[in-house]
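Novice: Count along the sequence shown starting at 1, add 77, and that's the number in my numbering.
Ideal placement from N, C-alpha and C gives every residue a C-beta, glycine not left out.
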Amino acid sequence: MADTNNWIEEAERKQNAFADEQEHKKIIQQVNIEENFKVFYIFVKSISNLIERVNNLAWEARKPSLELGMTEVEEHKCYEFYGSAYIYKKTFFSFFTGTRSKHLCWRRISFKISDHRNIIKVHISEMFSEKNIGTQSGNNERKEKYKLKLSGFNDKFEYNTINWLTFNLSNHDFKKQLPFADQSDDHLM
78 MADTNNWIEE
88 AERKQNAFAD
98 EQEHKKIIQQ
108 VNIEENFKVF
118 YIFVKSISNL
128 IERVNNLAWE
138 ARKPSLELGM
148 TEVEEHKCYE
158 FYGSAYIYKK
168 TFFSFFTGTR
178 SKHLCWRRIS
188 FKISDHRNII
198 KVHISEMFSE
208 KNIGTQSGNN
218 ERKEKYKLKL
228 SGFNDKFEYN
238 TINWLTFNLS
248 NHDFKKQLPF
258 ADQSDDHLM
């Protein structure tokens, strides 16, 4: 009978320890989300200000950008910034035919607050809709996911983000300067 009580008590102790550990983890995650948000919200306000300034420019001054904006997807957890533009490209046959293709392009970057300290989850997407004279082809879309260091969100990153959204910075150049998080950065505490 004594052995029966021992294994029951041991199982209860383990279960309580696990529950305490899970509760502690939830508290740490909530603290990390709140700390990340405080730092990230400064970035959001700055980008919003830059978007407003660009949108107040005449179209000639902000070419090729058509539309620039921001949405809060989940209250205080996910923000999406977007831009669109018409891009004209010459093809190989343009030399012979004198035609060029007109692309309507969209760029989106979504930032989601992580429960890991100093980490922001990012989704970057770019979509092209091609329209040639007399022909119409489908859409071409690229999507990528990253984890970035929140500590790398500085003035330069803000301006590079706006330049990318307004099609004044290439995809390649934008991605080169992203403050990527290392595996060692991806931890709760």
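Excluding sequence positions up to five away, which residues of its chain have a Cβ less than 7 Å from the Cβ of Lys91?
Specialist: If you number the sequence shown from 1, residue 91 lands on position 14. Counting only Cβ-Cβ distances below 7 Å, and skipping sequence neighbours, we find nothing.
Novice: Could you name the residues of the same chain whose beta carbon sits closer than 8 Å to that of Cys155, not counting the 5 residues immediately before and after it, in chain order?
Specialist: Start at 1 with the first residue of the sequence shown, and residue 155 comes out as number 78. So the qualifying residues of the chain are Glu149, Ser187, Phe188, Lys189 and Ile190.
Novice: Tell me which same chain residues have a C-beta within less than 8 Å of the C-beta of Tyr163, skipping the five on either side of it?
Specialist: Looking up residue 163 in the sequence shown gives position 86. Counting only Cβ-Cβ distances below 8 Å, and skipping sequence neighbours, we find Pro141, Leu143, Lys179, His180, Leu181 and Cys182.
Novice: Output needed for Thr212: all residues of its chain with C-beta closer than 6 Å, excluding positions within five of it in sequence on either side, in chain order.
Specialist: Taking the sequence shown and counting its residues from 1, one reaches residue 212 at position 135. No answer about Thr212 holds up, because its pLDDT of 49 lies below 50 and its placement is not dependable.
Novice: In the DSSP output, what is Lys167 paired with across the bridge?
Specialist: As a working mapping, residue 167 is identified with position 90 in the sequence shown. Bridge partners of Lys167: Arg177.
Novice: Quick one: grab the DSSP three-state call for Glu218.
Specialist: The sequence position of residue 218 within the sequence shown is 141, counting from 1. Note: Glu218 maps to strand in three-state DSSP.
Novice: On a Cα-Cα basis, can you pick out the residue from Ser161, Gly146, Ser123 and His200 that is closest to Lys252?
Specialist: Counted from its first residue, the sequence shown places residue 252 at position 175. Checking every option, the nearest Cα to that of Lys252 belongs to His200.
Novice: So Leu227 and Asn109 are in contact, right, with Cβ under 8 Å, and what is the actual spacing, rounded?
Specialist: Against the sequence shown, residue 227 aligns to sequence position 150. Against the sequence shown, residue 109 aligns to sequence position 32. At roughly 10 Å, the Cβ-Cβ gap does not stay under 8 Å, so Leu227 and Asn109 are not in contact.
Novice: I need the boundaries of the beta strand (DSSP E) containing Leu255, first residue and last residue.
Specialist: To locate residue 255, count along the sequence shown from 1; it is residue 178. Per DSSP, Leu255 belongs to no beta strand (DSSP E) and is neither H nor E.
Novice: Mapping DSSP to helix, strand and coil, what is Arg90?
Specialist: To locate residue 90, count along the sequence shown from 1; it is residue 13. In this structure, Arg90 counts as helix in the three-state DSSP scheme.
Novice: To the nearest angstrom, report how far apart Gln106 and Met204 are at their CA atoms.
Specialist: For the purposes of this step, residue 106 is identified with residue 29 of the sequence shown, where counting begins at 1. For the purposes of this step, residue 204 is identified with residue 127 of the sequence shown, where counting begins at 1. Roughly 34 Å between the two C-alpha positions.
Novice: Can you give me the C-alpha to C-alpha distance between Glu235 and Glu137, rounded to a whole angstrom?
Specialist: Reading the sequence shown from its first residue, position 158 is the one you call residue 235. Reading the sequence shown from its first residue, position 60 is the one you call residue 137. Distance between the alpha carbons of Glu235 and Glu137 is about 23 Å.
Novice: Would you mind sorting His153 into buried or exposed? The rule is 16 or more other CB atoms within 10 Å of its CB.
Specialist: Position 76 of the sequence shown holds residue 153. It is exposed - the Cβ of His153 has fewer than 16 other Cβ atoms within 10 Å.
Novice: Quick one: what's got a C-beta closer than 8 Å to Ser66's C-beta in the same chain, skipping five residues either side?
Specialist: This structure gives no information on residue 66, because the portion of the chain shown stretches from 78 to 266.
Novice: The alpha helix (DSSP H) with Thr238 in it runs from where to where?
Specialist: Translated into positions along the sequence shown, residue 238 becomes position 161. Start and end: Asp232 to Leu242.
Novice: In the structure shown, what three-state DSSP assignment does Glu152 receive?
Specialist: As a first step, residue 152 must be located in the sequence shown, where it is residue number 75. DSSP places Glu152 in coil when its eight states are reduced to three.
Novice: My output table needs one value for Ser58: the three-state DSSP class, helix, strand or coil.
Specialist: The shown model of the chain, from 78 to 266, leaves out residue 58, and the question about it has no answer.
Novice: Helix, strand or coil: how does DSSP classify Ala135 here?
Specialist: For the purposes of this step, residue 135 is taken as residue 58 along the sequence shown, with counting starting at 1. Of the three classes helix, strand and coil, the one that applies to Ala135 here is coil, per DSSP.
Novice: Using a Cβ-Cβ cut-off of 7 Å (strictly less than) and excluding sequence neighbours within five positions of Gly132, which residues of its own chain qualify?
Specialist: Residue mapping note: residue 132 aligns to position 55 of the sequence shown, counting from 1. Per the sequence presented here, residue 132 reads as Asn, with Gly not at that position. Cβ within range, chain order: Leu145.
Novice: In the DSSP assignment, what are the bridge partners of His200?
Specialist: Walking along the sequence shown from the start, residue 200 turns up at place 123. DSSP, once it has assigned bridges, lists Ser187 and Lys222 as partnering His200.
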